[in-house]
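> Chains as they are written, first to last, in the working numbering: chain A, 6 to 15; chain B, 120 to 334.
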């Protein structure tokens, strides 16, 4: 799901 | 991680180092907006809620801790340190920053990637970061003598935003599934806010004259 994209930015 | 992203993080880090240098070594926060610094502390607190839940990388964790610790310590210095706080230009730092917080929270409740506490707080932090520089830009406009460190601080912050946009463009083409529209739109708005400052900063640098923003 789109919401599962890891937010790896600061 | 691509080169734009790394360069963006490094200029962001550099901006914090420049500000801490000014505060810690010169014991001055003249020309620095406490309102903007308080907003940044709130931005990082809201965004890094997953710090101890989701491990991404050592780099990621360390950088998050650095931004959290530095933003809160800058606020502490400006409010509590007996020498630094006297240099704070309170009379010109009058932007009503509290009025930025509620609209950003409302927007985050309406527009988010998923209606969960953490996702709403993440969107809130993105929206708030986009406008958090406004009190600082207003204060710069009212400051007659912008010292070099203050000018460099804002310049590095703006450079970090430009580099993040280049990083998104790069990721868009190399990682097709990577699309965070919320951060893109808010990030572009945020970068545009610096356009005016950049113009005068580069002009003053080119002509070798002291930076001054027209009121």
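We put the beta carbon where it would ideally sit given N, CA and C, even for glycine.
Predicted model, so just to flag it, every value in this text is computed and none were measured.
Going by alpha carbons, who is nearest to residue 165 of chain B out of B/183, B/176, B/153, B/175?
B/183
> Under 9 Å between beta-carbons, which chain A residues line up against residue 183 of chain B? List them in chain order, please.
Near residue 183 of chain B (Cβ distances below 9 Å), the residues of chain A are 15.
> Need the endpoints of the alpha helix (DSSP H) that residue 67 of chain B sits in, please.
Outside the modelled stretch of chain B, which goes from 120 to 334, sits residue 67 of chain B, for which no answer is possible.
> Roughly how many whole angstroms lie between the Cα atoms of residue 272 of chain B and residue 150 of chain B?
Straight-line Cα distance between these residues: approximately 11 Å.
> Mind checking the stretch 302-332 of chain B against chain E and listing, in chain order, the residues whose C-beta falls within less than 8 Å of any C-beta there?
As a matter of chain content, chain E is missing from the structure shown, whose protein chains are A and B.
> Would you give the residue range spanned by the alpha helix (DSSP H) that residue 223 of chain B belongs to?
Element bounds for residue 223 of chain B: 217-229.
> Give a yes or no on whether the C-beta atoms belonging to residue 228 of chain B and residue 239 of chain B are separated by under 8 Å.
yes
> Distance cutoff 8 Å, beta carbons only. Does residue 121 of chain B sit that close to anything in chain A?
no
> Under three-state DSSP, which class holds residue 262 of chain B?
Per DSSP, reduced to three states, the secondary structure at residue 262 of chain B is coil, with no helix or strand assignment.
> To the nearest angstrom, report how far apart residue 224 of chain B and residue 330 of chain B are at their CA atoms.
35 Å
> Distance check for residue 249 of chain B and residue 181 of chain B, CA to CA, integer angstroms please.
Using only the alpha carbons, I get a separation of about 23 Å.
> Considering only their Cβ atoms, is the gap separating residue 302 of chain B from residue 245 of chain B smaller than 8 Å?
yes
> Can you pull the chain A neighbours of residue 175 of chain B, defined as C-beta to C-beta under 9 Å?
11, 12, 13
> Please give me, in chain order, every unbroken run of the alpha helix (DSSP H) with length at least 4 that falls completely inside the stretch 143-189 of chain B.
153-166
> In this structure, does DSSP put residue 291 of chain B in helix, strand or coil?
Looking at residue 291 of chain B - three-state DSSP - the assignment turns out to be helix.
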